[in-house]
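In this note's numbering, the protein residues as written are 30 to 319.
Ideal Cβ placement from N, Cα and C applies to all residues, glycine included.
Everything below concerns the one structure shown next.
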């Protein structure tokens with residue numbers, strides 16, 4: 030089997046193990062937010078944030094040209110993350126005002142406006158910067174091209190998100206399941222929305238940089254959808270989301286090793302197959318109960 034050879038041969042393992050470890054980090058990172066994303070109907074926010082990164086890349090390119098020594102990788106990442114975070118908060122603000130005297134926008138409209146505006150701004154800024162750096166790596170990362178420093182960054186971001194979720198879990202989950210009731214008990218919906226958008230921006234930019242736009246978006250939506258098809262108790266649903274994400278990453282990596290396929294799309298296809306199986310199982314369970 031190619032998978033065993035790639036991971037056991039010392040000459041090859043140094044190229045493939047970082048991708049495996051990074052993939053598992055991204056699985057845990059995105060799956061931990063996926064249930065909240067599905068419950069709050071924010072499936073397309075990840076898509077909007079990931080494409081808003083074009084604007085952040087353009088801004089980083091311009092600042093890199095102005096800086097005498099260029100910009101280090103952490104500074105570039107911080108600029109792109111900040112741009113994506115601002116975009117996410119603007120989407121949240123516009124959507125939240127949709128019921129205020131007709132001043133706001135529907136979420137899909139707000140996402141569409143921010144998405145195309147950011148992409149257009151990024152294209153113009155990159156053209157004006159005339160940079161020779163390959164900025165595409167920030168937008169279309171390949172999980173097989175990462176190294177151990179990337180894996181450490183992925184797990185650091187995962188730990189940060191998990192710790193934040195742990196300390197805010199009661200308020201955040203109360204708000205996600207019943208926003209009006211949570212407001213009556215003193216939970217600030219505005220601050221919960223800001224917190225969730227911040228975590229989504231961090232997860233999306235990290236996953237996008239290391240694994241690509243398609244995988245980043247899929248990992249925020251499919252694990253939670255699969256889990257909610259099969260579970261009702263919150264703890265079990267979160268466990269199922271994490272399990273689905275890990276199985277998707279491992280299955281996609283094995284498929285890419287064995288059949289020489291692109292890793293990101295392979296992971297997405299495995300997750301899609303898991304969703305189909307979960308849907309069939311849920312349908313069979315409902316029919317049996319009837």
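| Between the beta-carbon of residue 274 and the beta-carbon of residue 310, is there less than 9 Å? | Position 245 of the chain shown, counted from the first residue, corresponds to residue 274. Position 281 of the chain shown, counted from the first residue, corresponds to residue 310. Not in contact: residue 274 and residue 310 (Cβ atoms no closer than 9 Å).
| Contact under 9 Å by Cβ, residue 276 with residue 303 | Reading the chain shown from its first residue, position 247 is the one you call residue 276. Reading the chain shown from its first residue, position 274 is the one you call residue 303. Contact: yes.
| Between residue 184 and residue 42, is the Cβ-Cβ spacing less than 9 Å? | Here residue 184 refers to the residue found at position 155 of the chain shown. Here residue 42 refers to the residue found at position 13 of the chain shown. Not a contact, by the Cβ cut-off of 9 Å.
| Under the rule that 16 or more other beta-carbon atoms within 10 Å means buried, what is residue 178, buried or exposed? | Numbered from 1 along the chain shown, position 149 holds the residue referred to as residue 178. Its Cβ having fewer than 16 others within 10 Å, residue 178 is exposed.
| task | Measure how close the beta-carbons of residue 90 and residue 155 come, nearest whole angstrom, since I'm counting them as under 8 Å. | result | By 1-based counting over the chain shown, the position of residue 90 is 61. By 1-based counting over the chain shown, the position of residue 155 is 126. Confirmed, Cβ separation roughly 5 Å.
| request: Please confirm if the region 44 to 61 is in contact with the region 209 to 224, defined as three or more CB-CB distances below 8 Å between the two stretches. | output: no
| Which first and last residues belong to the alpha helix (DSSP H) in which residue 172 is found? | In the chain shown, the residue the question calls residue 172 occupies position 143. Looking at the DSSP string, residue 172 is not in any alpha helix (DSSP H), and its letter there is neither H nor E.
| request: Just list the alpha helix (DSSP H) runs in the region 91 to 160, keeping only unbroken ones of 4 residues or longer that don't cross its boundaries, in chain order. | output: 102 to 125 and 136 to 158
| query | For residue 71, which of 306, 266 and 228 has the nearest alpha-carbon? | reply | Taking the chain shown and counting its residues from 1, the one referred to as residue 71 is at position 42. Minimum Cα distance to residue 71 is reached at 228.
| field | Beta-carbon spacing of residue 222, residue 147 below 9 Å | value | On the chain shown, position 193 is the one that residue 222 refers to. On the chain shown, position 118 is the one that residue 147 refers to. Not closer than 9 Å, so no.
| Could you give the C-beta distance for residue 64 and residue 267, rounded to a whole number, given that I count them as a contact under 8 Å? | For the purposes of this step, residue 64 is taken as the residue at position 35 of the chain shown. For the purposes of this step, residue 267 is taken as the residue at position 238 of the chain shown. Between residue 267 and residue 64 the Cβ distance is about 6 Å, and since that is below 8 Å, they are a contact.
| So, is residue 226 buried or exposed, given that buried needs 16 or more other C-beta atoms within 10 angstroms? | In the chain shown, the residue the question calls residue 226 occupies position 197. Buried, by the Cβ-count rule.
| said: Quick check on residue 241: does DSSP put it in helix, strand or coil? | reply: Against the chain shown, residue 241 aligns to sequence position 212. Note: residue 241 maps to coil in three-state DSSP.
| message | Whole angstroms are fine: how far does the CA of residue 217 sit from the CA of residue 242? | response | Looking up residue 242 in the chain shown gives position 213. Looking up residue 217 in the chain shown gives position 188. Rounded to whole angstroms, residue 242 to residue 217 spans 31 Å at the Cα level.
| When the Cα atoms are used, what is the spatial distance from residue 109 to residue 236? | Position 80 of the chain shown, counted from the first residue, corresponds to residue 109. Position 207 of the chain shown, counted from the first residue, corresponds to residue 236. Computed Cα separation, rounded: 13 Å.
| query | Could you check where the alpha helix (DSSP H) with residue 179 kicks off and where it finishes? | reply | Stepping through the chain shown from its first residue, residue 179 is reached at position 150. That run of the alpha helix (DSSP H) goes 177 to 206.
| query | Hey, would you say residue 279 sits closer than 9 Å to residue 52, going by beta carbons? | reply | Stepping through the chain shown from its first residue, residue 279 is reached at position 250. Stepping through the chain shown from its first residue, residue 52 is reached at position 23. Cβ distance < 9 Å, so residue 279 and residue 52 count as in contact.
| query | residue 139 and residue 118: beta carbons closer than 9 Å? | reply | Within the chain shown, the letter at position 110 stands for residue 139. Within the chain shown, the letter at position 89 stands for residue 118. Cβ distance not < 9 Å, so residue 139 and residue 118 don't count as in contact.
| What's the call for residue 312, buried or exposed, on a 16-neighbour Cβ count within 10 Å? | To locate residue 312, count along the chain shown from 1; it is residue 283. Under this definition residue 312 is an exposed residue.
| message | Quick check: the Cα distance between residue 253 and residue 269, rounded to an integer number of angstroms? | response | Mapped onto the chain shown, residue 253 falls at position 224. Mapped onto the chain shown, residue 269 falls at position 240. Cα to Cα, residue 253 sits roughly 8 Å from residue 269.
| Short check: CB of residue 144 to CB of residue 93, under 9 Å? | As a working note, residue 144 is residue 115 in the chain shown. As a working note, residue 93 is residue 64 in the chain shown. Result no, Cβ atoms of residue 144 and residue 93 do not sit closer than 9 Å.
| request: Could you spell out the range, first to last residue, of the alpha helix (DSSP H) harbouring residue 295? | output: Walking along the chain shown from the start, residue 295 turns up at place 266. It spans 292 to 318 - the alpha helix (DSSP H) in which residue 295 sits, taken as one unbroken run.
| request: Kindly list the residues whose CB is nearer than 8 Å to the CB of residue 290, restricted to its own chain and excluding five residues on each side of it in sequence; keep chain order. | output: Residue 290 sits at position 261 when you count from the first residue of the chain shown. Hits under 8 Å: 284.
| At which residues does the alpha helix (DSSP H) containing residue 281 begin and terminate? | Looking up residue 281 in the chain shown gives position 252. 263 to 288 is the extent of the alpha helix (DSSP H) around residue 281.
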